[in-house]
Amino acid sequence: MRILHVLNHVDRVGNGIVHVAVDLACVQAREGHDVWVASVGGAYEGLLARHGVRHVRIDQARRPLTLWRAARALRALLRDERIDIVHAHMVTAYLLARVLRVGAKWRLVASVHNEWQRSSTLMGGADRVITMSEDAVTRLSARGMPRDRLRAVRNGTVGSPRLADAPQDAVQLSQPAIVTVAGMYERKGIADLIAAYDLIAAGHPTAHLYLVGDGPDRARFEAQARALVAHDRIHFEGFRASPRAYLRAARVFVLASHAEPGGLVLPEARDCGCAIIATAVDGSPELLDGGRAGVLVPPRDAAALGAAITRLLDDAAECDRWRTAAGTNLEWLRIERQHEETLAVYRDALAR
């Protein structure tokens, strides 16, 4: 099969959409398919090349002249390389491909990575629409997307070529370490996690909170942390290209998101054997086997989050049980499963 992935960039900045596209492209090429990626470029170009994926530099910035040039370049690429499947991972990429779809033999598949964004409904005109969870299928269908075009393919990162290629940094964390790996955005529940830590800090004077990630709301979260008595035990670590060292060193891993269609960090945390606490939103329960592989708590509830963290800090045996549970039944979270299910969606689209 001749497959083209289209997205804004392939930079190593912690963007989950980029990670999914790069993982799929590398595995598809490894399995014998002809694969291209069209983007403005970035740090993952070398990894793609080593796996036999051809990168084509097409700037898709939302400026009229740039988009006109992108459409021309994309049309030429589709014609010259006789592409079978265009897989659009972002709204701009989808809209460019949709304009060129009229009368073409190739099929358009769109991945809705963030179904909570209102613009995601624009992608419903693709031949097939991939979501990150069954929950997202239900939500998008309720918002008017044709149900017969929607397919759930859950994210899997175990065995990812991208992770194998990442630098393996070592870290020394003060213990017990409570760790999150998330962008510094309101929707990631960082404020809730800081508030939960404040509730338990006095009773756990040696516990430290590590916030790994960056983003536009970081300054606000730092100000919130500075106002707390235990502010010196809250560490903003910034973006890390490979956060696995933090996952391996964590006593407790927390993902406190308000919205999380298919957070890649949950399979990664499971692969590292973390004791996991996550909010019961969107695709997170599915990635934690319905709560069998991690503790689920309500979103936006600092008290419930703090109580769950306290249980794992205070009871070593229970913490170990959750570590074992996280590392159980990992086979379905392998990148190869995601690859096979994605190929099935491609074949379905081509058979229309």
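In numbering that gives the first Met the number 0, the protein residues as written are 0 to 351.
C-beta: ideal position from N, C-alpha, C; glycine also.
Is the separation between the beta-carbon of R186 and that of A258 shorter than 8 Å? Cβ atoms of R186 and A258: closer than 8 Å.
Rank V85, H112, T120 by C-alpha distance to the C-alpha of K104 and give the top, closest one. Nearest option by C-alpha distance: V85.
Exposure of N328, with buried meaning 16 or more beta-carbon neighbours within 10 Å: Around the beta carbon of N328, a 10 Å sphere encloses fewer than 16 other beta carbons of the protein chains shown; the residue is thus reported as exposed.
Can you confirm whether the region 260-270 touches the region 296-314 when touching is taken to mean that 3 or more C-beta pairs between the two stretches lie within less than 8 Å? Result no; under three Cβ-Cβ pairs closer than 8 Å.
Give the list of continuous alpha helix (DSSP H) stretches no shorter than 4 residues that lie fully inside the region 66-133. List check, alpha helix (DSSP H) in window: 90-100.
Could you give the first and the last residue of the continuous alpha helix (DSSP H) run that contains R1? In the DSSP assignment, R1 falls outside any alpha helix (DSSP H) and within the unbroken beta strand (DSSP E) covering 1-5.
Classify L150 as helix, strand or coil using the three-state DSSP reduction. Note that residue 150 is Arg in the sequence shown here, rather than Leu. Look at R150 here: in three-state DSSP terms it is strand.
A255 beta carbon less than 8 Å from that of I275: Note that the C-beta distance between I275 and A255 is not below 8 Å.
Got a sec? Which residues, its chain only, sit under 8 Å from A279 by beta carbon, not counting five neighbours each side? So the qualifying residues of the chain are G290, L295, V296, P297, P298.
Write down every uninterrupted run of the beta strand (DSSP E) in the region 22-61 whose length is 3 residues or greater and which is fully enclosed by it, in chain order. Counting only runs of 3 or more, we get 33-38, 53-56.
Indicate whether Y43 and V12 have their beta-carbon atoms separated by less than 8 Å. Result no, Cβ atoms of Y43 and V12 do not sit closer than 8 Å.
Quick check for students: name the residue ranges of the alpha helix (DSSP H) that lie wholly in the region 274-340, counting only runs of 4 or more. For the region 274-340, whole alpha helix (DSSP H) runs of length 4 or above, ordered along the chain, are 283-286, 301-313, 315-325.
Terminal residues of the alpha helix (DSSP H) in which E259 lies: Unbroken run through E259: none, as it is neither H nor E.
Tell me where the beta strand (DSSP E) around F235 begins and ends. That run of the beta strand (DSSP E) goes 233-237.
To which residues of the same chain is G124 closer than 7 Å at the C-beta, ignoring the five residues directly before and after it? For G124, same chain residues with a beta-carbon under 7 Å away, outside a window of 5 residues either side, are R97 in chain order.
The region 47-60 touching the region 170-186, judged by at least three CB pairs closer than 8 Å: Not touching, per the Cβ criterion.
CA-to-CA distance, V180 to V264, given in whole angstroms: Their backbone Cα atoms lie some 7 Å apart in a straight line.
Would you mind reading off the limits of the alpha helix (DSSP H) that contains Y196? From DSSP, the alpha helix (DSSP H) with Y196 extends over 189-200.
Would G41 and H112 be called neighbours here (beta carbons separated by less than 8 Å)? Against a cut-off of 8 Å, the Cβ pair of H112 and G41 comes out as no contact.
Identify the continuous alpha helix (DSSP H) that holds Y184 and give its terminal residues. Taken as a continuous stretch (DSSP letters only), Y184 belongs to no alpha helix (DSSP H), as it is neither H nor E.
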